[in-house]
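K.L.:
Everything in the first sequence is counted per the UniProt record's numbering, starting at 1 for the first residue and increasing by one. Even for Gly, the Cβ is constructed at its ideal location relative to N, Cα and C. Treat the numbers as computed from the prediction; the structure is a model and nothing was measured.
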Amino acid sequence: MTLDRSFFARPALVVAPELLGCTIVHGGVTVRLTEVEAYAGEGADPGSHAFRGRTPRTEVMFGEAGHLYVYFSYGMHWCANAVCGDEGEAQAVLLRAGEVVAGHELAAARRAGVPERDWARGPARLTSTLAIDRAHDGVDVCGDGPVRFEAPAVPVDPGSVRTGPRVGVSGPGGDGTAYPYRFWIEGERTVSAYRPGVIRRRTR
DNA sequence: AGTCCGATCGCCT
DNA sequence: GGCGATCGGACTA
Numbered sequence: 001m002t003l004d005r006s007f008f009a010r011p012a013l014v015v016a017p018e019l020l021g022c023t024i025v026h027g028g029v030t031v032r033l034t035e036v037e038a039y040a041g042e043g044a045d046p047g048s049h050a051f052r053g054r055t056p057r058t059e060v061m062f063g064e065a066g067h068l069y070v071y072f073s074y075g076m077h078w079c080a081n082a083v084c085g086d087e088g089e090a091q092a093v094l095l096r097a098g099e100v101v102a103g104h105e106l107a108a109a110r111r112a113g114v115p116e117r118d119w120a121r122g123p124a125r126l127t128s129t130l131a132i133d134r135a136h137d138g139v140d141v142c143g144d145g146p147v148r149f150e151a152p153a154v155p156v157d158p159g160s161v162r163t164g165p166r167v168g169v170s171g172p173g174g175d176g177t178a179y180p181y182r183f184w185i186e187g188e189r190t191v192s193a194y195r196p197g198v199i200r201r202r203t204r
């Protein structure tokens, strides 16, 4: 069953663990989500792009739930979030990792030379495998659009859901203790390796 | 106009 | 485990 607007129009911290095991479909490939991160809204979460308020880039986050917020990272990658909560709150869930469950041929072509385990292991790898990029910033995932989320045929055992610090988020509480907003399915091979959110050493 | 640096990845050692 | 790639957003002046 396709996830609808009411699913996303709840706090990101509620939506995030429920997205585990769900699939995202685009470009002929289906990925089952194994790892996500919640980002609370404006002013509530120093790790969020929306923390300092509305900007042209974060406009989509402040809009209606059930749309994709896609941002450009490190000059070469695209990462995708599902906008959550009430309009104006700018809550979102980052899609961090998953496993390809359909469309293996297309995925293999897009990720030539990469082991299958790594096809969607990491937020930018996930978008690459699904062929999601800047063109999908703001798209509605609840309608008849090209991007859809589906509830799992077999629900994830709540006992296998783990919580911990987010990856690569620094600043206040950057060690993760203040914002344990990362959720993953225990024992999944596609969950990205843990890297503590340490302050990056300056290189020049 | 200029600077800083990032919700990362892939390749190298 | 380290580091370079590569560029746009946000902030400073």
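Any contact between the region 79-92 and the region 11-26? By contact I mean 3 or more CB pairs, one from each, below 8 angstroms.
P.N.:
yes
K.L.:
Beta carbon of residue 236, beta carbon of R57: below 8 angstroms?
P.N.:
Summary: the structure shown does not reach residue 236, with the chain confined to residues 1 through 204, and so no result is reported for it.
K.L.:
For R121 and L68, I'd like the C-alpha separation in whole angstroms.
P.N.:
Here residue 121 refers to the residue found at position 121 of the first sequence. Here residue 68 refers to the residue found at position 68 of the first sequence. So the two alpha carbons sit approximately 19 angstroms from each other.
K.L.:
Using only the alpha-carbon positions, how far apart do R134 and E87 sit?
P.N.:
Residue 134 sits at position 134 when you count from the first residue of the first sequence. Residue 87 sits at position 87 when you count from the first residue of the first sequence. Between R134 and E87, the C-alpha separation is close to 22 angstroms.
K.L.:
Answer yes if the region 45-56 comes into contact with the region 24-32, meaning at least three C-beta pairs across the two stretches below 8 angstroms, and no otherwise.
P.N.:
no
K.L.:
Using C-beta distances below 6 angstroms, list every residue in its chain close to A107, excluding the 5 sequence neighbours before and after it, in chain order.
P.N.:
In the first sequence, the residue the question calls residue 107 occupies position 107. Counting only residues of its own chain and dropping the five nearest sequence neighbours on each side, A107 has a CB closer than 6 angstroms to the CB of V29, V100, W119 and T129.
K.L.:
From P155 to G164, what does the alpha carbon distance come to, in whole angstroms?
P.N.:
Along the first sequence, one-based indexing puts residue 155 at 155. Along the first sequence, one-based indexing puts residue 164 at 164. Between P155 and G164, the C-alpha separation is close to 21 angstroms.
K.L.:
In whole angstroms, what is the alpha-carbon distance linking A153 and R117?
P.N.:
Position 153 of the first sequence, counted from the first residue, corresponds to residue 153. Position 117 of the first sequence, counted from the first residue, corresponds to residue 117. Near 22 angstroms, if we compare the C-alpha coordinates of R117 and A153.
K.L.:
Can you find the residues in the same chain that come closer than 8 angstroms, C-beta to C-beta, to E35, ignoring five residues on each side of it along the sequence?
P.N.:
For the purposes of this step, residue 35 is taken as residue 35 along the first sequence, with counting starting at 1. The answer, listed in chain order, is L20, R96, A97, G98, R182, F183, W184, I185, E188, T190, V191 and S192.
K.L.:
Roughly how many whole angstroms lie between the Cα atoms of P115 and V31?
P.N.:
Here residue 115 refers to the residue found at position 115 of the first sequence. Here residue 31 refers to the residue found at position 31 of the first sequence. Approximately 15 angstroms, taken between the alpha carbons.
K.L.:
Is it the case that the Cβ atoms of A65 and R5 are separated by a distance below 8 angstroms?
P.N.:
As a first step, residue 65 must be located in the first sequence, where it is residue number 65. As a first step, residue 5 must be located in the first sequence, where it is residue number 5. For A65 and R5, yes; Cβs fall inside 8 angstroms.
K.L.:
So, are the CB atoms of E150 and T2 less than 8 angstroms apart?
P.N.:
As a working mapping, residue 150 is identified with position 150 in the first sequence. As a working mapping, residue 2 is identified with position 2 in the first sequence. Against a cut-off of 8 angstroms, the Cβ pair of T2 and E150 comes out as a contact.
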